[in-house]
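Participant: Chains A and B, in that order, are what the protein sequence lines are.
Start counting the first sequence at 1; every next residue gets the next number (my numbering).
Start counting the second sequence at 1; every next residue gets the next number (my numbering).
We put the beta carbon where it would ideally sit given N, CA and C, even for glycine.
Since the model is a prediction, treat every value here as computed from it, not as a measurement.
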Amino acid sequence: MAEDFGSWAYAVAGGMERDWLEAMTGVGGRPVHPVQAAGLSAAVTAVRLEHYGEEPLRRQLEDIGWLEATALTHHRVIETIARRTRLIPMRLATVYHSDAAVAAMLAARRDDLIAALARVAARTEWGVKIYAPQRRDTGAGPAAAAAAGPAPGSPGAAYLHRRRTELSARQDARRAALASADDIHRALGRLAAAVQLRAPQDPQLTGQPEPMMLNGAYLVDDEQSGRFTTAVQSLAERHPAVRIELTGPWPPYSFATVDEPGAAL
Amino acid sequence: MAGARVVQPGASAARGYDPRLGGGHEPANLGDILERVLDKGLVIAGDIRVNLLDIELLTIKLRLVIASVETARELGIDWWQNDPWLSSNGPGQRRLAAENRELRDRVAALEADAGARTRAVEAPPERARQSRERGPHAPGGAGTDRPGG
Chain A
1 MAEDFGSWAY AVAGGMERDW LEAMTGVGGR PVHPVQAAGL SAAVTAVRLE
51 HYGEEPLRRQ LEDIGWLEAT ALTHHRVIET IARRTRLIPM RLATVYHSDA
101 AVAAMLAARR DDLIAALARV AARTEWGVKI YAPQRRDTGA GPAAAAAAGP
151 APGSPGAAYL HRRRTELSAR QDARRAALAS ADDIHRALGR LAAAVQLRAP
201 QDPQLTGQPE PMMLNGAYLV DDEQSGRFTT AVQSLAERHP AVRIELTGPW
251 PPYSFATVDE PGAAL
Chain B
1 MAGARVVQPG ASAARGYDPR LGGGHEPANL GDILERVLDK GLVIAGDIRV
51 NLLDIELLTI KLRLVIASVE TARELGIDWW QNDPWLSSNG PGQRRLAAEN
101 RELRDRVAAL EADAGARTRA VEAPPERARQ SRERGPHAPG GAGTDRPGG
């Protein structure tokens with residue numbers, strides 16, 4: 001029965017061909033199909049409301065295995081369609097009562113959606129993450145020790161003197177790293193149409209020992225892609241104390257808004 | 001983790017998307033994907049309401065703690081009530097208003113019923129009948145729609 005199924009939405013695009021979607025497996029192992037209205041298309045999967053209604057969906061979202069698999073599936077569908085046409089990805093777990101409800105949304109928000117699509121036309125999102133320097137690099141070198149002055153006589157005082165030197169060397173290194181991150185961010189921002197900064201990722205998520213100093217998304221015109229990626233490499237060479245990680249290309253998740261776009265530098 | 005990936009210079013995307021990177025052979029960093037699908041993407045509230053805020057990624061094995069909708073409300077997080085889609089005079093808002101009306105009517109009916117029963121105990125039967133006929137005394141009045149519910 002149609003009422004037993006909701007419509008899980010992946011993305012909105014201008015046009016969408018059914019055969020782009022035919023080979024795909026969507027959430028719950030179910031197929032993907034387009035819903036068309038008002039000159040727009042949404043990629044959708046029919047999902048059983050007994051698993052994707054409000055209460056069961058909330059419970060499923062707390063199941064890590066389910067969340068991981070579903071997030072990956074959601075992203076894969078979006079990524080596959082993004083190779084064919086510009087689109088606006090939907091946030092995970094946007095479920096409508098029916099395809100008719102999806103069509104109604106497309107019609108009701110047509111102007112906003114068209115504006116959002118225009119903002120990402122011929123543009124790609126790149127992710128740039130900057131990690132602080134390794135701890136051992138911030139140890140007190142001879143220059144720092146010399147700047148600290150001669151060590152006092154007693155062992156206790158000498159220990160404190162050494163600690164102070166190490167701490168100020170670490171502070172200097174941190175300051176320099178922050179300056180590097182800022183410099184890199186500004187340089188890349190000049191090559192981007194829009195930028196979205198977000199909170200640095202938790203080290204337990206990244207699996208990296210160094211803290212993350214910058215977690216940015218850059219929306220770059222296609223013609224600038226080469227310049228952008230080249231710039232990342234040359235900035236990495238100019239700022240050896242920090243580590244830059246570039247990911248992409250991404251569908252424009254971070255710039256998929258219907259209000260204001262990401263801040264442009 | 002896959003480690004740093006730096007794109008070769010000159011890799012330009014034909015249609016705004018170059019499938020060479022992350023095209024499926026090398027799985028993209030799951031943390032980066034989760035960050036995007038959970039926290040980014042277009043937020044047009046669907047019909048099924050889900051709160052994806054307050055997601056804290058705790059461990060490298062991706063143990064996620066997701067606040068339930070009830071907890072979110074306790075913490076004062078009710079993003080769906082500030083969503084422009086719901087706070088404009090759209091179908092979402094009309095549905096909320098209809099829901100509120102129905103709830104208020106039910107509360108009013110329960111209160112009237114409870115009040116009438118109480119008065120029936122205290123007062124002669126004649127007055128009790130008059131109380132029931134007076135109608136609901138819902139706070140705010142029946143039928144007023146306040147945005148945001």
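Using 8 Å as the cut-off, can you tell me whether the stretch 40-56 of chain A makes contact with the stretch 6-21 of chain A, which would need three or more C-beta pairs spanning the two stretches below that distance?
Facilitator: Three or more Cβ pairs closer than 8 Å define a contact, and the stretch 40-56 of chain A meets that threshold against the stretch 6-21 of chain A.
Participant: Determine, for ALA100(A), whether the minimum Cβ-Cβ distance to residues of chain C falls below 7 Å.
Facilitator: In the structure shown, chain C does not exist; the protein chains are A and B.
Participant: Quick check: LEU167(A) and ALA194(A), are their CB atoms within less than 7 Å of each other?
Facilitator: Not a contact, by the Cβ cut-off of 7 Å.
Participant: Have a look at GLU245(A) and ALA103(A) and give me their C-alpha separation to the nearest angstrom.
Facilitator: 40 Å
Participant: Taking CB distances under 7 Å as the criterion, tell me whether LEU38(B) reaches chain A.
Facilitator: yes
Participant: Name the DSSP beta bridge partners of ALA13(A), please?
Facilitator: Residue pairing from DSSP places ALA13(A) in a beta bridge opposite SER41(A), LEU87(A).
Participant: Where are the alpha helix (DSSP H) runs, 4 residues long or more, that stay fully inside the stretch 191-227 of chain A, in chain order?
Facilitator: 203-206
Participant: Chain B partners of GLY6(A), CB-CB under 9 Å?
Facilitator: GLY46, ASP47, ILE48
Participant: Between VAL107(B) and chain A, is any beta-carbon pair separated by less than 7 Å?
Facilitator: no
Participant: Taking only the alpha-carbon atoms, compute the straight-line gap between TYR52(A) and ALA71(A) and give it to the nearest angstrom.
Facilitator: Roughly 14 Å between the two C-alpha positions.
Participant: Out of THR124(A), ASP63(A), PRO34(A), ASP182(A), point me to the one whose CA is closest to VAL242(A)'s CA.
Facilitator: ASP182(A)
Participant: What are the residues of the stretch 245-261 of chain A that lie near chain B, defined by any Cβ-Cβ distance shorter than 8 Å?
Facilitator: GLU245, LEU246, THR247, GLY248, PRO249, TRP250, PRO251, TYR253, SER254, ALA256, THR257, VAL258, ASP259
Participant: So LEU113(A) packs on ALA93(A), CB below 8 Å; how close in whole Å?
Facilitator: The pair is not a contact, with the Cβ atoms about 19 Å apart (cut-off 8 Å).
Participant: Using a Cβ cut-off of 8 Å, pull out every chain A residue sitting near LEU30(B), in sequence order please.
Facilitator: GLU68, ALA71, LEU72
Participant: Are the C-beta of LEU92(A) and some C-beta of chain B separated by less than 7 Å?
Facilitator: Taking 7 Å as the threshold, the shortest C-beta distance from LEU92(A) to chain B falls below it.
Participant: Going by CA-CA distance only, name the one from ALA69(A), PRO209(A), ARG123(A) that's closest to ALA192(A).
Facilitator: Cα-wise, what sits closest to ALA192(A) is ARG123(A).
Participant: Between which two residues does the beta strand (DSSP E) holding ARG243(A) run?
Facilitator: 243-250
Participant: Answer with yes or no whether the minimum CB distance from LEU103(B) to chain A is below 7 Å.
Facilitator: no
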